[in-house]
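In the numbering used here, the protein residues as written are 243 to 351.
Encoded structure:
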């Protein structure tokens, strides 16, 4: 029962042609891009997952020999395991942990 009816074949063929045209246009556009630019991503919000996401992205970039800068706002002066790991790649990752002084619990005047 793998016999496909003619309308299904036509739909698939039209879809394939459409995707080939889209890919050709995208390839042409990407071939013209020669400027290398940086990217800034800021993770904010309630709940968990922001640091995990950010460190995962940073470590993947380091794994691909891309330069990364990390600024982590933590509520204490301790050094995290993530910081220790990323500091082992000083040529690829610049890491800054910002401790006390940015939360409501601080006594800055």
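The beta-carbon is built from N, C-alpha and C at its ideal position, and this holds for glycine as well. Please read all numbers here as calculations on a predicted model, not as lab measurements.
- Message: Please give the ranges of any alpha helix (DSSP H) in the segment 270 to 314, keeping only runs that are unbroken, at least 4 residues long and fully inside the region.
- Response: 292 to 305
- Item | Backbone CA spacing between residue 287 and residue 312 [nearest angstrom] | If you number the chain shown from 1, residue 287 lands on position 45. If you number the chain shown from 1, residue 312 lands on position 70. If you take the alpha carbons of residue 287 and residue 312, they lie about 18 Å apart.
- Can you tell me the Cβ-Cβ gap for residue 310 and residue 300, rounded? I've got them flagged as a contact below 8 Å. For the purposes of this step, residue 310 is taken as residue 68 along the chain shown, with counting starting at 1. For the purposes of this step, residue 300 is taken as residue 58 along the chain shown, with counting starting at 1. With 8 Å as the limit, residue 310 and residue 300 qualify as a contact, their Cβ atoms being about 5 Å apart.
- Message: Using CA atoms only, rank isn't needed, just tell me which of 277, 270, 279 and 327 is closest to residue 298.
- Response: Reading the chain shown from its first residue, position 56 is the one you call residue 298. Out of 277, 270, 279 and 327, 327 has the C-alpha closest to the C-alpha of residue 298.
- Message: Please identify the residue among 279, 334 and 273 whose C-alpha is closest to the C-alpha of residue 302.
- Response: Mapped onto the chain shown, residue 302 falls at position 60. Out of 279, 334 and 273, 334 has the C-alpha closest to the C-alpha of residue 302.
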